[in-house]
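Visitor:
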Amino acid sequence: MNESYGTRSLREIVRILFRHWVLLVLIVLIGGLGTYLVCEYVVQKQYRSDISLIFKRPVNRSPVSTDAAGERTLEVFVKAQQQIVMSDHVLARTFVLVEDGALRDRWYKLQKQWYAAKDKGETETSDAYQKIREFVDEKAFRAAVNNVLTNRQKDFLRFRKAVKLETPGGEQVGMTETFKLSVDQAGDPMKAHYAADILADMYMVRYQEIQQELSDPAVRVINDVIRDFRDTEFAQAIDDYQNFVKTNSDMIGVLEQLLKSGTEHGTQIILTKVRENDASLFMDLTRDKAVYDVLRKTLPEKVFESGGLDRLSEPEIHSALSIIPTEFFRENLLFLELSKNMARLEEKKSELEAQYTDGNMDVRYIREEVARNKRRLLDAVVSYARGLEASIEARDQQKRMYEELVTKTREEQNEIHAKLADYARLKNEFEVAQKQLETLQVDRMNAMSNKLYARETVTINKLDPASIPAADKPVVPLTGIYTIVAVAVSMLLGIAFAFLADHFDHTLRSSIEAERYLGVPVLGSIKRRGRRLIV
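All letters in the sequence shown, in the order written, are residues 12 to 546 by our numbering.
(1) According to DSSP, is Gln55 part of a helix, a strand, or is it coil?
(2) Quick one: what does DSSP say Asn259 is sitting in, helix, strand or coil?
(3) Taking 8 Å as the threshold (C-beta atoms), are Ser60 and Pro480 in contact?
(4) Determine the direct distance from the alpha carbon of Leu431 to that of Thr243, and round the result to whole angstroms.
(5) Count Cβ pairs between the stretch 249-259 and the stretch 438-452 that sit closer than 8 Å; are there 3 or more?
(6) Is it true that the CB of Ala509 sits closer than 8 Å to the CB of His100?
(7) From Lys67 to Tyr58, what distance separates their C-alpha atoms?
(8) Do Ile237 and Arg455 come within 8 Å of each other at the CB atom, strictly closer than that value?
(9) Do three or more CB pairs link the stretch 111-129 to the stretch 161-175 at distances below 8 Å?
(10) Out of curiosity, what's the CA-to-CA distance linking Glu82 and Met502?
(11) Please go through the stretch 175-255 and give each complete alpha helix (DSSP H) segment of 4 or more residues, from N-terminal end onward.
(12) Where do the ends of the beta strand (DSSP E) carrying Lys165 lie?
(13) Tell me the DSSP secondary structure of Leu451 in three-state form.
(14) Hey, out of Leu34, Leu40 and Phe29, whose CA is closest to Val496's CA?
(15) Say whether the stretch 147-157 touches the stretch 102-111, bearing in mind that this needs 3 or more beta-carbon pairs closer than 8 Å, one atom from each stretch.
(16) Under DSSP, the beta strand (DSSP E) around Ile471 begins and ends at which residues?
(17) How far does the alpha helix (DSSP H) with Ala103 in it extend, from its first residue to its last?
(18) Can you give me the C-alpha to C-alpha distance between Arg195 and Ala206, rounded to a whole angstrom?
(19) Excluding the five sequence neighbours on either side, which residues of its own chain have a C-beta within less than 8 Å of the C-beta of Leu34, listed in chain order?
(20) For Val487, which three-state DSSP category applies?
(21) Would you mind sorting Ile492 into buried or exposed? The rule is 16 or more other CB atoms within 10 Å of its CB.
(22) Would Pro228 be called buried (16 or more neighbouring beta carbons within 10 Å of its own) or exposed?
(23) Is the beta carbon of Ala482 less than 8 Å from the beta carbon of Pro200?
(24) Going by the DSSP bridge assignment, what does Leu64 pair with across the sheet?
(25) Below 7 Å CB to CB, which residues in the same chain sit around Thr468 once its five sequence neighbours on both sides are set aside?
(26) Give me, in chain order, the residues of the same chain whose beta-carbon lies closer than 7 Å to that of Glu182; leave out the 5 immediate sequence neighbours on both sides.
(27) Determine, using beta carbons only, whether Leu37 and Asn472 come nearer to each other than 8 Å.
(28) From this set, Val25, Gln94 and Val147, which residue's C-alpha is nearest Arg115's C-alpha?
(29) Taking just the CA atoms, how far does Glu51 sit from Lys484?
(30) I'd like the list of long-range same chain contacts for Phe170, defined as Cβ closer than 6 Å, with 5 residues on each side in sequence excluded.
(31) Tell me whether the beta-carbon of Leu210 lies closer than 8 Å to the beta-carbon of Phe190.
(32) Grab the span of the alpha helix (DSSP H) containing Val49 for me, first residue to last.
(33) When you compare only the Cα positions, how much space is there between Asn259 and Phe240?
(34) Would you grab the beta carbon distance between Tyr47 and Thr490 for me? Rounded to a whole angstrom, and I think it's under 8 Å.
(35) Here's a check: name, in chain order, each residue in its chain whose Cβ is nearer than 7 Å to the Cβ of Val159, leaving out the five neighbours to either side.
As structure tokens, this is what we get:
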């Protein structure tokens with residue numbers, strides 16, 4: 012009954028629900044039971060299998076590409092693995108093996124051999140992996156994969172949507188070293204198990220294929236580079252260096268010493284010493300020439316003649332000695348002693364001459380002694396001058412020898428310096444070429460290491476086998492949850508239908524309803540006839 016003008020009380024609402032309880036129960040039974048029956052007997056059950064894998068980002072030592080360590084690089088690596096898992100190659104191969112029981116049985120035999128070979132050695136592992144490569148490259152298998160990609164697009168897309176890759180890090184994919192693969196399959200629970208297990212295997216196989224596709228060209232490239240470098244630049248550098256060493260074998264020691272220490276070598280030491288001696292000789296020669304020139308100009312010419320000193324008179328000897336500089340006598344010890352002795356005799360002569368007459372014997376004796384000493388002193392000076400002349404000639408000759416030695420040594424030194432630049436250049440080119448060859452050889456070893464690593468997924472392994480779903484616990488449909496939701500929705504629909512039925516029901520069931528509906532007082536009523544009240 013429509014009572015839009017008023018508000019229903021809780022009692023009236025309960026009365027309406029109980030009045031239509033049959034409809035309410037019927038709707039709930041139909042919704043709940045129908046949902047249960049549909050989930051159990053109509054809808055095809057889907058099961059989910061999970062498998063977890065652990066990975067370590069391998070350090071890329073390939074000479075054609077380099078990696079920089081860091082979280083960003085790890086994140087890129089994880090996303091690359093996701094792209095490999097979701098690639099057409101991996102998913103199509105997995106789809107074919109899951110659908111084809113014969114191929115699946117063959118694969119599991121190869122898988123068993125592969126896992127068993129990992130514990131035996133590199134040779135067995137390589138052989139097992141080679142068999143796997145032959146299996147995936149078979150014409151029949153490749154034809155089946157191509158058929159899925161070209162003719163069964165709907166089924167393939169449905170299978171792709173059923174595959175999920177999850178990382179524990181969520182958006183921070185660079186913070187984890189594990190990921191989980193989930194595959195949903197309808198029908199047999201073992202089909203989901205096979206799909207997850209084979210998907211992980213196909214991912215690892217494809218990962219190895221990509222690694223080999225990247226590592227094999229790197230090995231070929233670095234081998235070609237090393238061969239070309241060894242045959243051209245390195246060969247030229249070592250030939251030039253060895254030829255120079257053979258040609259200048261007598262200078263290699265000196266050149267090497269100059270390169271290592273940068274100090275003077277034998278020839279330079281000799282040249283320096285000769286120059287020092289030549290400078291000292293020049294100073295001595297200059298001094299001797301100056302003294303000799305002074306003596307030659309000061310003394311009479313006859314003293315230098317043979318017997319000339321004996322022909323000199325006493326006044327001439329006295330005059331010759333008086334003009335000789337005093338510094339000359341002070342510089343020579345012999346002359347210094349003679350001059351001192353002469354001074355003492357002169358002093359004694361002066362004392363005797365003051366006391367005695369000229370005819371005194373002592374005066375005559377001291378005068379003779381003074382004359383003899385003067386003649387002896389002048390003779391020593393003349394002898395010294397003659398010795399200076401001989402010394403000057405000898406030192407002139409020695410100076411000329413020094414000049415010749417300096418000239419010869421300088422020429423040799425210039426030759427060494429000229430060859431030092433060539434030797435330094437050739438040796439540097441040889442050492443640079445040798446270091447570059449060593450670097451290339453290290454790159455080749457790294458490339459070979461990458462190639463060996465690619466033969467086995469040493470950085471990716473299964474944490475545990477793929478889970479086997481329970482037959483009574485499908486992921487879709489969730490019968491219990493769906494039934495509860497259906498019962499709740501059916502109950503709401505039943506309540507709605509109850510109020511809707513009451514809304515269109517205009518039957519007056521009491522005088523009070525009649526008064527409220529008609530708006531006038533009701534004086535009397537008669538009993539119900541059927542479900543109608545006649546006023």
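The beta-carbon is built from N, C-alpha and C at its ideal position, and this holds for glycine as well.
None of the values given here were measured: they were computed from a predicted structure.
Guide: This is what the structure holds:
(1) Counting from 1 along the sequence shown, the entry for residue 55 is found at position 44. Correct three-state label for Gln55: coil.
(2) Counting from one through the sequence shown, the residue named residue 259 turns up at place 248. Coil.
(3) In the sequence shown, residue 480 corresponds to position 469, counting from 1. In the sequence shown, residue 60 corresponds to position 49, counting from 1. Closer than 8 Å, so yes.
(4) For this step, residue 243 is matched to residue 232 along the sequence shown. For this step, residue 431 is matched to residue 420 along the sequence shown. So the alpha carbons of these two residues sit roughly 25 Å apart.
(5) Under the Cβ criterion (8 Å, minimum of three pairs), the stretch 249-259 counts as touching the stretch 438-452.
(6) The residue labelled residue 100 in the question sits at position 89 within the sequence shown. The residue labelled residue 509 in the question sits at position 498 within the sequence shown. The Cβ atoms of His100 and Ala509 do not sit closer than 8 Å to each other.
(7) In the sequence shown, counting from the first residue as 1, residue 67 sits at position 56. In the sequence shown, counting from the first residue as 1, residue 58 sits at position 47. Each residue's alpha carbon lies about 30 Å from the other.
(8) Within the sequence shown, residue 455 is the residue found at index 444, counting from 1. Within the sequence shown, residue 237 is the residue found at index 226, counting from 1. Cβ distance < 8 Å, so Arg455 and Ile237 count as in contact.
(9) no
(10) In the sequence shown, residue 82 corresponds to position 71, counting from 1. In the sequence shown, residue 502 corresponds to position 491, counting from 1. The predicted model places Glu82 with a pLDDT of 49, which falls under 50 and marks its position as unreliable, so this point remains unresolved.
(11) For the stretch 175-255, whole alpha helix (DSSP H) runs of length 4 or above, ordered along the chain, are 200-240.
(12) Walking along the sequence shown from the start, residue 165 turns up at place 154. Premise fails: Lys165 lies in the alpha helix (DSSP H), Gln164 to Lys172, not in any beta strand (DSSP E).
(13) Here residue 451 refers to the residue found at position 440 of the sequence shown. If DSSP states are grouped into helix, strand and coil, Leu451 belongs with the helices.
(14) What you label residue 496 is simply residue 485 of the sequence shown in a count that begins at 1. Checked all of Leu34, Leu40 and Phe29; the closest Cα to Val496 is Leu40.
(15) yes
(16) Stepping through the sequence shown from its first residue, residue 471 is reached at position 460. Residues Ile471 to Lys473.
(17) Counting from 1 along the sequence shown, the entry for residue 103 is found at position 92. Segment Asp99 to Glu110, the alpha helix (DSSP H) holding Ala103.
(18) Taking the first residue of the sequence shown as position 1, residue 195 is located at position 184. Taking the first residue of the sequence shown as position 1, residue 206 is located at position 195. Looking at the sequence shown, residue 195 is not Arg but Asp. In this structure, the alpha-carbon of Asp195 lies about 8 Å from that of Ala206.
(19) The residue you call residue 34 lines up with position 23 of the sequence shown. Closer than 8 Å at the Cβ level, and outside the excluded window around Leu34, lie Gly505, Phe508, Ala509 and Ala512.
(20) Reading the sequence shown from its first residue, position 476 is the one you call residue 487. Of the three classes helix, strand and coil, the one that applies to Val487 here is strand, per DSSP.
(21) By 1-based counting over the sequence shown, the position of residue 492 is 481. Under this definition Ile492 is an exposed residue.
(22) As a working mapping, residue 228 is identified with position 217 in the sequence shown. Pro228 should be labelled exposed.
(23) Taking the sequence shown and counting its residues from 1, one reaches residue 482 at position 471. Taking the sequence shown and counting its residues from 1, one reaches residue 200 at position 189. Yes, they are a contact pair.
(24) Your numbering for residue 64 matches position 53 in the sequence shown. According to DSSP, Leu64 bridges with Phe190 and Lys473.
(25) To locate residue 468, count along the sequence shown from 1; it is residue 457. Interpretation of Thr468 is limited by its pLDDT of 49, a score under 50 that renders its predicted location unreliable; no figure is taken from the coordinates.
(26) Your numbering for residue 182 matches position 171 in the sequence shown. In this prediction, Glu182 has a pLDDT of 49, which is less than 50 and means its spatial position is unreliable; what the coordinates show is noted afterwards. So no residue of the chain qualifies.
(27) As a position in the sequence shown, residue 37 is number 26, starting the count at 1. As a position in the sequence shown, residue 472 is number 461, starting the count at 1. Not closer than 8 Å, so no.
(28) For the purposes of this step, residue 115 is taken as residue 104 along the sequence shown, with counting starting at 1. When only C-alpha atoms are compared, the closest one is Val147.
(29) Working through the sequence shown from its first residue, we reach residue 484 at position 473. Working through the sequence shown from its first residue, we reach residue 51 at position 40. The alpha-carbon atoms of Lys484 and Glu51 are separated by roughly 12 Å.
(30) Here residue 170 refers to the residue found at position 159 when the sequence shown is read from its first residue. Within the same chain, Phe170 has close Cβ partners Phe106.
(31) Start at 1 with the first residue of the sequence shown, and residue 210 comes out as number 199. Start at 1 with the first residue of the sequence shown, and residue 190 comes out as number 179. With a cutoff of 8 Å on beta-carbon distance, Leu210 and Phe190 are scored as not near each other.
(32) Taking the sequence shown and counting its residues from 1, one reaches residue 49 at position 38. Note, Val49: premise wrong, no alpha helix (DSSP H); not H, not E.
(33) Sequence index remark: in the sequence shown, residue 259 carries index 248 (1-based). Sequence index remark: in the sequence shown, residue 240 carries index 229 (1-based). Those two C-alpha atoms are separated by around 27 Å.
(34) In the sequence shown, residue 47 corresponds to position 36, counting from 1. In the sequence shown, residue 490 corresponds to position 479, counting from 1. Contact holds; Cβ gap of about 6 Å.
(35) Counting from 1 along the sequence shown, the entry for residue 159 is found at position 148. Cβ neighbours of Val159 beyond the five flanking positions: Ala103, Phe106, Val107 and Phe167.
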